[in-house]
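Trainee: Residue numbers (the numbering used here), protein chains in the order written: chain A, 0 to 478; chain B, 2 to 116. Take this structure first; my questions come after.
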């Protein structure tokens, strides 16, 4: 009955998680169910840890009597076949050693010699392989496995929080080391050895750094999940690790590829896809050192230092993590139509009285064009908005938002009729979804009385915004 | 087919019942349990000691038994088992099943013997 209920629960979670995960109400229910399930595992973990502590204490005080070689070999044979956690194996070994000891003593008390008594005592226990098999089965129940999985999920969550604190520490140390200690070296290498521009203003750079920070909690989560699951389920870490690695790859992989919406670039894609790999690495890596517990005094001291470090960094870089920009000559530079490629689209309207304002610089901002005096458009018909791909302006500083029209294309990526409102506003005029291109020139064009199409206004609008969506959106988008 | 084999087959599945029944009177460690079963049955039942520990660990995993390491009367530490309320309920179920089985078996064997 318990197995049936557990299987039903797991099925419900699976169905909710896969079929209707996106619905907010279903998501809430799913999270609650998962939390309850994981809490059950956590309670089991607490019980097992209590038992393990008592067991360790008992085994430390346990002094087994010297056993004949034949009995020692028997126990070693059983032990080698158990495939259970080390603590459980030690307990079984001690218990069986006691039993054999008692049995030999009792048989000897009947007047038999040690060799006979040993053989008889071992014969009563049966074949060591069969004994080990039965003991293994006794410890490996489905209920314990389900509890182990639940405890693993909980431990992974706790490990992710712990790993996040660790990651912020690593980031702070790295920022100090790179910013102060290694900056001269990096500058020298970038200038004289490898001509690279390592610029934090680069599109998607911040997102990639965020993904890299997530590697640490993912690694710790994988490690903690396997440890907790092994303790509860009675399985060895070696057995469980590949399954947790696979589950992490599938679960986190699904989240990373299909759910997380972010600014995307090839760098971000690579860094985010490494998050499930970090979880798998944490699950599969074998080392004895425990991740230090962050509790009590350490938490207060760590939190205080973290706050100070954050304030210091924020005062230098700003809260958004983007370096404060100083005005550069690039903004004031005058560019001719030909130099940027605007005339590739259409000739500029000779009517210079059309004034346009553009809005929508941010990633999430809707594009809006405001025609200051709609009457100035009366000489044109078939008004439309055209979006043309652009490329970075060669030689311009990276924080100067300017691009050349990509003349490799003979047509715009997207066009839409320009619906000018009574107040002169053209709201959300065009959709640029489905393309990875980050730089655009947005034109308002119209056909004049001479039947020719012109681009209108004093200048078109240069739009630079990173691709925002899931990795799947990015991979399936047009170049 | 020897008598020992028949006995083994008949005893198959009865180890939990035997274990729980001897633990009803108080806590015991593994070797004592085996001895107690043998004594109580007058030597009729001699459960494989190899089946004893898997049964004990299974019952513990089910919550029917609780085990603790403690000093024994003889000195060294032993792992003592005691029955839990859940184990008492399980024992009652096993006893009822066994009673029904033994009555039915006696009737069946008796009918066949008479026929």
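Ideal placement from N, C-alpha and C gives every residue a C-beta, glycine not left out. All of these numbers come straight from a predicted model, not from anything done at the bench.
Which value, in whole angstroms, describes the spacing of the CA atoms of residue 320 of chain A and residue 271 of chain A?
Mentor: Note that residue 320 of chain A scores a pLDDT of 38, beneath 50, so its modelled location is shaky and nothing firm can be said.
Trainee: Rounded to the nearest angstrom, what separates residue 230 of chain A and residue 266 of chain A at their Cα positions?
Mentor: 38 Å
Trainee: With 7 Å set as the bound, which would you pick, yes or no: does the beta-carbon of residue 94 of chain B sit closer than that to a beta-carbon of chain A?
Mentor: no
Trainee: Using a cut-off of 9 Å between C-beta atoms, extract the partners of residue 137 of chain A located in chain B.
Mentor: 54, 55, 56, 57, 58, 59, 60, 61 and 62
Trainee: What three-state label does DSSP hand residue 141 of chain A in the structure shown?
Mentor: Helix, per DSSP.
Trainee: According to DSSP, is residue 413 of chain A part of a helix, a strand, or is it coil?
Mentor: strand
Trainee: Tell me the DSSP bridge mates of residue 356 of chain A?
Mentor: A/369
Trainee: For residue 301 of chain A versus residue 223 of chain A, is the C-beta spacing smaller than 7 Å?
Mentor: Remark: C-beta atoms of residue 301 of chain A and residue 223 of chain A do not approach each other more closely than 7 Å.
Trainee: How close, in whole Å, do the beta carbons of residue 428 of chain A and residue 366 of chain A come, if the pair is a contact with beta carbons under 8 Å?
Mentor: 6 Å
Trainee: Could you check what DSSP says for residue 434 of chain A in three-state terms: helix, strand or coil?
Mentor: Residue 434 of chain A carries a strand assignment under DSSP once its states are collapsed to helix, strand and coil.
Trainee: By the three-class DSSP mapping on this structure, what secondary structure does residue 429 of chain A have?
Mentor: coil
Trainee: Span of the beta strand (DSSP E) holding residue 380 of chain A?
Mentor: 380–391
Trainee: Report yes if the C-beta of residue 348 of chain A is less than 6 Å from at least one heavy atom of the ligand NAD; otherwise report no.
Mentor: This structure simply doesn't include the ligand NAD, nor any ligand for that matter.
Trainee: How would you write the range of the beta strand (DSSP E) that residue 486 of chain A sits in, first residue to last?
Mentor: What is shown of chain A runs 0 to 478, which leaves residue 486 of chain A out entirely.
Trainee: If you follow the alpha helix (DSSP H) that residue 472 of chain A is part of, which residue opens it and which one closes it?
Mentor: 470–475
Trainee: Of all the residues that make up the region 114–126 of chain A, which are near chain B by a beta-carbon distance shorter than 7 Å?
Mentor: Within the region 114–126 of chain A, the residues whose Cβ lies closer than 7 Å to some Cβ of chain B are 123, 124 and 125, listed in chain order.
Trainee: Going straight from the alpha carbon of residue 460 of chain A to that of residue 424 of chain A, what length do you get?
Mentor: 15 Å
Trainee: If we count the other Cβ atoms within 10 Å of its Cβ and call it buried at 16 or more, is residue 410 of chain A buried or exposed?
Mentor: exposed
Trainee: Nearest to residue 82 of chain A by CA position, among A/104, A/136 and A/101, is which residue?
Mentor: A/136
Trainee: So that I know if they touch, is there some Cβ in chain A lying closer than 7 Å to that of residue 88 of chain B?
Mentor: no
Trainee: Have a look at the DSSP bridge pairing and note the partners of residue 347 of chain A.
Mentor: A/454
Trainee: Which residues, in order along the region 25–39 of chain B, keep a beta-carbon less than 7 Å from a beta-carbon of chain A?
Mentor: 31 and 32
Trainee: Against residue 49 of chain B, what residues of chain A qualify as contacts under a CB-to-CB distance less than 9 Å, listed in chain order?
Mentor: 123, 124 and 125
Trainee: Using the three-state DSSP reduction, which class does residue 82 of chain A fall into: helix, strand or coil?
Mentor: It is coil, neither helix nor strand.
Trainee: If you reduce the DSSP assignment to three classes, tell me which class residue 422 of chain A lands in.
Mentor: coil
Trainee: List, in chain order, every chain B residue whose beta-carbon is nearer than 8 Å to that of residue 134 of chain A.
Mentor: Within chain B, the residues 54, 55 and 58 have their CB atoms less than 8 Å from the CB of residue 134 of chain A, given in chain order.
Trainee: Do residue 108 of chain B and residue 30 of chain B have their C-beta atoms within less than 7 Å of each other?
Mentor: no
Trainee: Kindly list, in the order they appear in chain A, the residues whose Cβ is closer than 7 Å to that of residue 1 of chain B.
Mentor: The structure shown does not extend to residue 1 of chain B, since chain B spans only 2 to 116, so no value can be given for it.
Trainee: In the structure shown, what three-state DSSP assignment does residue 89 of chain A receive?
Mentor: helix
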